[in-house]
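Accompanying notes for the structure given below.
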Amino acid sequence: MNAPLPPTRRSDEIDLIALCGSLWAYKFLILGVTFFIVACSALYATLATPVYQVESVLRPIALKDLDGLNETKLMELSPAKALSQVGVALESYSVRLQFFRDNPELAAALRVGDEPLEQMLERLNRDGFTVLRPDLKKVPASSPFVGLRFLFPAGVDGVAIVNGLIEAAVQRERQRIQDDFNVLLANRLTRVERQIAVQRAAYDTSKEAKIAALLEADSLRTIQLTDELKALRQQLQVRRQNRIKQLNEAIQIAERLHISKPTTPSALGDNNREIQGSIFRTEVTNQQIPLYFMGVEALEAERSALIARQSDDFSEPRVSEIQKQLALLSHNREVEVLRGRANDELFLANLAALTEQRARLEHLSVDFSQLQLVQLDQSATEPSAPVRPRKMLIMALGLFLGLALGVGAALVAVVRRGQPIVREERALVLNYSS
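Okay, so the sequence shown: first residue is 174 according to our numbering, each after it adds one.
Structure (structure tokens):
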């Protein structure tokens, strides 16, 4: 009894031996595609415009280099702050634009056709310039620095552009610091002058007020003393007139009593008695003797003197005292001294400190042309080789891509011709008969 043929069963596994054999049949196709891709890569690497790279690095200067500026006490600048400000100037669009305007020969090599300068700069800012800074997230303890990297095609003086931009940024920042210093100095001088002017105005006002107060007090005192003197003289005149009247009455009484010489009441009573021997009379009385006992001669002499008197000032000491005070008030020496001051500034409060401050500000001098803001750690130099295109990498990628495309093309050809690349298996079936 004949056994039936075993059925075949198709497997999903690829037969590598069969695949390699099929691909080997298309080895010239694979080599041709690979050679073509490698040739194209070599042609691109040869014809592509080489791109070069230069960079310059700046680091902080020593603190002593900024001592001349900081000791002015008008502004304080640390090395780290100076480096940061120069970095900001390197990123400034206006600094770069002004640099290319000042150096048209450098910009001419970078322009494409009739490209405007602003458009060229935008392209360079996007693809050419890179400001270098430390990545504190990756290296927190790295020392601070600022750099400028520039990618440029052949025929462009990239070294001059980078070094020139560095110098322009430093000069721009130096000029900005100088302008700020001059403005601060002018403002400080203006403030000091304003304070001095205020001090002078306050002093002049206080001096005039003091002089006015002194003159007003003298004027008031003069008026009071003049009034007192006038009243006192009237009082003396009335007193003299009253005295004259008293003398007239006393003279009349003395004439009636026939008293021509000074006498006393007891002596007047003894005139009619005969007195024998020498008598010494002593009278003690607590009553004032009437005026007419002075006698007619004495009373008339006093009355004549009072009538002939031209002034009663000498009879009252207060008159001379008032006249002395009026004489003193006629010339206020304190007012004369205040008005006669040759240099009023010597008496201004805080003028010495303000004058010293003004003199210090007027003699402040900083040589900004010698002011260093950053240290040039690495200057841009001529590159030895371009950074693009990278020929070896392009050739390696071309070889890999050529092989991949060649193998792919060979696989397509194998599939189209229907060559088997999948393993077929036969299953053996045994039939048992009874």
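Quick reminder that beta carbons are idealized off the backbone N, C-alpha and C, glycines included.
A quick note: this is a predicted structure, and the numbers were derived from the prediction, not measured.
7 angstroms Cβ cutoff met for residue i and residue j
i: Leu-608; j: Leu-263; result: In the structure as shown, the chain begins at 174 and stops at 607. Residue 608 is therefore absent and cannot be evaluated.
i: Glu-139; j: Gln-258; result: No statement about residue 139 is possible, as the shown extent of the chain runs from 174 to 607 and does not include it.
i: Leu-398; j: Gln-530; result: no
i: Leu-279; j: Ile-334; result: yes
i: Arg-284; j: Met-293; result: yes
i: Ala-390; j: Pro-435; result: no
i: Phe-318; j: Val-230; result: yes
i: Tyr-266; j: Ala-586; result: no
i: Pro-252; j: Leu-236; result: yes
i: Leu-521; j: Arg-394; result: no
i: Asp-238; j: Gln-545; result: yes
i: Val-356; j: Leu-527; result: no
i: Ala-359; j: Val-268; result: no
For residue i, the nearest candidate out of the options (CA to CA)
i: Val-332; options: Ala-342, Gln-461, Arg-345 and Gln-226; result: Gln-226
i: Ala-282; options: Ile-396, Asp-275 and Phe-325; result: Phe-325
i: Val-304; options: Phe-273, Leu-338, Ala-386 and Phe-272; result: Leu-338
i: Met-568; options: Ile-190, Ala-212 and Cys-193; result: Ala-212
i: Asn-336; options: Gln-551, Val-588 and Ala-558; result: Gln-551
i: Pro-277; options: Asp-330, Arg-296, Asn-505 and Ile-369; result: Asp-330
i: Ala-327; options: Leu-570, Gly-571 and Pro-556; result: Pro-556
i: Thr-222; options: Ser-315, Gly-301, Thr-528 and Pro-559; result: Pro-559
i: Glu-381; options: Arg-394, Arg-512 and Phe-272; result: Arg-512
i: Phe-272; options: Ala-255, Gln-344, Asp-486 and Phe-208; result: Gln-344
i: Ile-426; options: Ser-379, Ala-553, Gln-545 and Leu-464; result: Leu-464
i: Asp-485; options: Arg-406, Leu-570 and Asp-352; result: Arg-406
i: Thr-207; options: Leu-570, Ala-404, Leu-566 and Arg-590; result: Leu-570
i: Leu-549; options: Ser-379, Arg-232 and Asn-421; result: Arg-232
i: Asn-523; options: Ile-369, Ala-215 and Phe-541; result: Ile-369
i: Arg-533; options: His-504, Glu-288, Arg-361 and Leu-216; result: Arg-361
i: Gln-543; options: Lys-403, Cys-193, Ala-215 and Asp-240; result: Asp-240
i: Asn-505; options: Leu-256, Ser-392 and Ile-190; result: Ser-392
i: Gln-348; options: Phe-541, Gly-286 and Leu-578; result: Phe-541
i: Ala-500; options: Cys-193, Phe-302, Gly-286 and Ile-396; result: Ile-396
i: Arg-563; options: Arg-367, Glu-288 and Leu-216; result: Leu-216
Chain-order list of residues whose beta-carbon lies under 6 angstroms from that of residue i (same chain, five-residue window excluded)
i: Glu-228; result: Gly-320 and Arg-322
i: Arg-561; result: Val-224
i: Leu-572; result: Val-211
i: Leu-628; result: A query on residue 628 cannot be resolved here, the shown segment of the chain reaching from 174 to 607 and no further.
i: Ile-384; result: Val-508 and Leu-511
i: Ala-255; result: Leu-546
i: Ser-214; result: Ile-567, Met-568 and Gly-571
Nearest-angstrom Cβ-Cβ length linking residue i and residue j, presumed shorter than 8 angstroms
i: Val-547; j: Ile-234; result: 6 angstroms
i: Glu-401; j: Ile-480; result: Rounded, the Cβ-Cβ distance is 27 angstroms, inconsistent with contact.
i: Leu-388; j: Glu-507; result: With 8 angstroms as the limit, Leu-388 and Glu-507 do not qualify as a contact, their Cβ atoms being about 10 angstroms apart.
i: Met-467; j: Ala-423; result: 7 angstroms
i: Arg-274; j: Leu-290; result: 7 angstroms
Cβ shell of residue i (< 7 angstroms), same chain only, five flanking positions each side left out
i: Leu-574; result: Ile-210
i: Asn-175; result: Residue placement at Asn-175 cannot be trusted, given a pLDDT of 48 that sits under 50; the coordinates are not used to answer.
i: Arg-482; result: Arg-413
i: Leu-566; result: none
i: Val-588; result: none
i: Leu-409; result: Asp-485, Ser-488 and Glu-489
i: Glu-288; result: none
i: Gly-301; result: Phe-323, Leu-324 and Phe-325
Close beta carbons around residue i, own chain, < 8 angstroms, minus the five adjacent residues each side
i: Pro-307; result: Ser-315, Ser-316, Pro-317 and Phe-318
i: Ile-462; result: Thr-437 and Pro-438
i: Asp-377; result: Asp-517
i: Leu-196; result: Ile-203, Val-580, Ala-583, Leu-584 and Val-587
i: Leu-578; result: Val-206, Thr-207 and Ile-210
i: Asn-421; result: Arg-476
Any non-hydrogen atom of the ligand GTP within 6 angstroms of residue i CB
i: Ala-577; result: As far as ligands go, the structure on display features none, and thus does not contain the ligand GTP.
**Message:** Does the structure place the stretch 571-585 close enough to the stretch 194-213 that three or more beta carbon pairs sit under 8 angstroms?
**Reply:** yes
**Message:** When you compare the stretch 240-260 with the stretch 534-552, are there three or more beta-carbon pairs, one atom per stretch, that lie closer than 8 angstroms?
**Reply:** yes
**Cβ pair count under 8 angstroms reaching 3, the stretch 469-478 against the stretch 407-427** = yes
**Prompt:** Are the stretch 480-491 and the stretch 426-441 touching by the rule of at least three beta carbon pairs closer than 8 angstroms?
**Reply:** no
**Message:** For the structure I just gave you, are there three or more beta carbon pairs, one from the stretch 371-390 and one from the stretch 511-518, closer than 8 angstroms?
**Reply:** yes
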